[in-house]
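What follows is a single structure, written as structure tokens, with notes after it.
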């Protein structure tokens, strides 16, 4: 496990020294997860406001006659709206979705390429700037997009479809005991292969992205070389991946536990001394607010730290070769 | 703020240029709504033109806006807003940005700069080369083409704000004063009013609705 600690130390040093890397980390965080949480948040707001509205009217018996009348009148008016307006709306939505997907794909792949390239410069003790990192991203974003889409698609075709077939075979053979056993066996074998292949492909993509960005090789070539690297260093990758997961969990639990303990202490103090308790709770509130506002920055730093650990392992593995 | 020609343009002057472009976009939207509002005969047509406006300016607006920024920057070296304040965008070689470089600067660059409450835009203030994060990632430099043009920019921005407000009021008036749309709305209100007694019957309250109801 010493080699993992060594990687963490080096990674921490690189991230601490090169602060422009944090910006790439923030872009990665913002483009990969923020939009989803935002959507759910807004959905939550809508549902809560809807619930609030319903509770304020709960005193009277529900009467839908006005609602029905208004709705039918509005529907009547909307039915008279020219079809061309709806067609324009539908076309606009489709174009917006397609363009949005293309843009987000380009931004994510650019950010990944830029981060990997800039981290590599940092590892080589070269100056890291937004421009130098960005150039890596610009040069490699098409290849990174290929790596983001094609292996996943191949995985789907090569693994998922046979897995679904095996599921059907199991259901078909369910009547007899022997058939049931064979069916379960086939299903379990496919399940094992699916998990293993999923891990191997994900690991290959991790290497392939670094090969294509740092060494400038083609996407397919990088994926092939990545696959070879996975075969020889699979356990190391699993160890680092698990270690990173544990680290993430520990960080999350530590932050949540510290905030929880502080709130509990504040509530406890409130019963003893109201003023001190209030001050403590207000301070905790402000700290939590600052943490929330700067969550993108902290998330970015952690993401880039994670990327750096993989880059360092990649360099170690590559130098051995 | 009032530096020499060909020197890096500062935050304030670029901020005005940025807002002129935004105001121009709003002018286009409001003019569209104004003329479509004037030509509509009834409420369904008004709703139809609003749907078209939302589709073009609301849903596709962002893409059209970025296309406009990239196109004008690659073709003329600056957007209308930047031209008015007298600044120009160039790449590392000292040429105009290409269309692709423009798209990159405005889509990816602006995304980067808008992180952490627009810290990348505010970076222009402290950077010695007056580069924001979007300039850094795209390798662009914004320089002044003439001195004291920011005054024209401020005046243009004020004019656009006043003009947009004027059109905005005009749109509201044209909708309110449209007799057919008014009639359609009144029809809905009347229909709602007609259903009122039914509602009262469903929720009887003895002190308000005596036996003769």
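Protein chains in written order, with this note's numbering: chain A, 141 to 461; chain B, 45 to 257.
We treat Cβ as the ideally placed atom computed from N, Cα and C, and that holds for glycine.
Because the structure is a prediction, the values reported are computed rather than measured.
Option in the options with minimal Cα separation from residue i
i             : options                       : result
residue 114/B : 152/B, 137/B and 192/B        : 152/B
residue 122/B : 231/B, 172/B and 188/B        : 188/B
residue 256/A : 302/A, 459/A, 458/A and 449/A : 449/A
residue 103/B : 236/B, 73/B, 116/B and 117/B  : 73/B
residue 305/A : 289/A, 288/A, 326/A and 321/A : 326/A
residue 148/B : 117/B, 168/B, 172/B and 165/B : 117/B
residue 124/B : 196/B, 234/B, 49/B and 95/B   : 196/B
residue 273/A : 407/A, 260/A and 284/A        : 260/A
residue 156/A : 441/A, 238/A and 312/A        : 441/A
residue 236/B : 217/A, 144/A, 246/A and 211/A : 211/A
residue 66/B  : 95/B, 101/B, 92/B and 216/B   : 101/B
residue 458/A : 424/A, 355/A, 412/A and 402/A : 355/A
residue 473/A : 377/A, 320/A, 370/A and 268/A : The structure shown does not extend to residue 473/A, since chain A spans only 141 to 461, so no value can be given for it.
residue 54/B  : 170/B, 119/B, 157/B and 137/B : 170/B
residue 538/A : 154/A, 424/A, 146/A and 142/A : Any answer about residue 538/A is impossible in this case: the structure gives chain A only from 141 up to 461.
residue 136/B : 369/A, 228/A and 275/A        : 275/A
residue 220/A : 110/B, 92/B and 207/B         : 92/B
Residue i in three-state terms, based on DSSP
i             : result
residue 306/A : helix
residue 134/B : strand
residue 368/A : helix
residue 213/A : helix
residue 189/A : Note that residue 189/A scores 37 on pLDDT, short of 50, meaning its location in the model is unreliable; the coordinates nonetheless yield the value given after this. Residue state, collapsed to three classes: helix.
residue 424/A : helix
residue 188/B : strand
residue 143/A : helix
residue 223/B : helix
residue 172/B : coil
residue 52/B  : strand
Chain A contact residues for residue i, given Cβ-Cβ distances below 9 Å
i             : result
residue 223/B : Those do not exist, as residue 223/B stays about 16 Å from chain A at its closest Cβ, beyond 9 Å.
residue 183/B : 271, 274 and 275
residue 259/B : The first residue shown for chain B is 45 and the last is 257, placing residue 259/B beyond what the model contains.
C-beta atoms of residue i and residue j nearer than 7 Å
i             : j             : result
residue 262/A : residue 353/A : no
residue 180/B : residue 271/A : yes
residue 213/A : residue 232/B : yes
residue 134/B : residue 185/B : yes
residue 165/A : residue 443/A : yes
residue 76/B  : residue 97/B  : yes
residue 284/A : residue 249/A : yes
residue 160/A : residue 268/A : yes
residue 190/B : residue 130/B : yes
residue 495/A : residue 94/B  : The displayed coordinates of chain A run from 141 to 461. Any statement about residue 495/A would go beyond what the structure contains.
residue 296/A : residue 330/A : no
Separation of residue j from residue i, as counted between CA atoms
i             : j             : result
residue 357/A : residue 281/A : 12 Å
residue 224/A : residue 209/A : 27 Å
residue 58/B  : residue 201/B : 12 Å
residue 228/B : residue 85/B  : 11 Å
residue 90/B  : residue 83/B  : 9 Å
residue 341/A : residue 426/A : 44 Å
residue 203/B : residue 343/A : 58 Å
residue 174/B : residue 159/B : 18 Å
residue 146/B : residue 112/B : 10 Å
residue 175/A : residue 163/B : Its pLDDT being 36, under 50, residue 175/A is placed unreliably by the model, and the measurement read from it follows with that caveat. Using only the alpha carbons, I get a separation of about 20 Å.
residue 150/A : residue 452/A : 8 Å
residue 393/A : residue 387/A : 10 Å
residue 277/A : residue 251/A : 6 Å
residue 191/A : residue 193/B : Because the pLDDT at residue 191/A is just 39, under 50, the model does not fix this residue reliably, and the point stays unresolved.
residue 429/A : residue 177/B : 26 Å
residue 328/A : residue 339/A : 17 Å
residue 373/A : residue 362/A : 16 Å
residue 419/A : residue 52/B  : 48 Å
residue 317/A : residue 292/A : 36 Å
residue 162/A : residue 437/A : 7 Å
residue 184/A : residue 172/A : At residue 184/A the pLDDT is 34, less than 50, meaning the model places this residue with poor confidence and gives no usable figure here.
residue 460/A : residue 350/A : 16 Å
residue 252/B : residue 222/B : Interpretation of residue 252/B is limited by its pLDDT of 46, a score under 50 that renders its predicted location unreliable; the figure taken from the coordinates is listed afterwards. Those two C-alpha atoms are separated by around 39 Å.
Amino acids of chain A, ordered along the chain, whose beta-carbon sits closer than 7 Å to that of residue i
i             : result
residue 104/B : 232, 235 and 236
residue 99/B  : 228, 229 and 232
Proximal chain A residues relative to residue i, where beta-carbon distance stays under 8 Å
i             : result
residue 68/B  : Going along chain A, no residue has its Cβ under 8 Å from residue 68/B, so there is no contact; the nearest lies around 21 Å.
residue 228/B : 217
residue 180/B : 269, 270, 271 and 274
residue 220/B : None at all; the shortest Cβ gap to chain A is about 17 Å.
residue 232/B : 210, 213, 214 and 217
Neighbouring residues, chain B, relative to residue i (Cβ below 8 Å)
i             : result
residue 218/A : 88 and 91
residue 222/A : 88, 89 and 92
residue 167/A : 155, 156 and 159
residue 133/A : Here chain A covers residues 141 to 461 and nothing more, so residue 133/A does not appear.
residue 209/A : 235, 236, 238 and 239
Per-residue contacts from residue i into chain B (C-beta, under 9 Å)
i             : result
residue 226/A : 92 and 95
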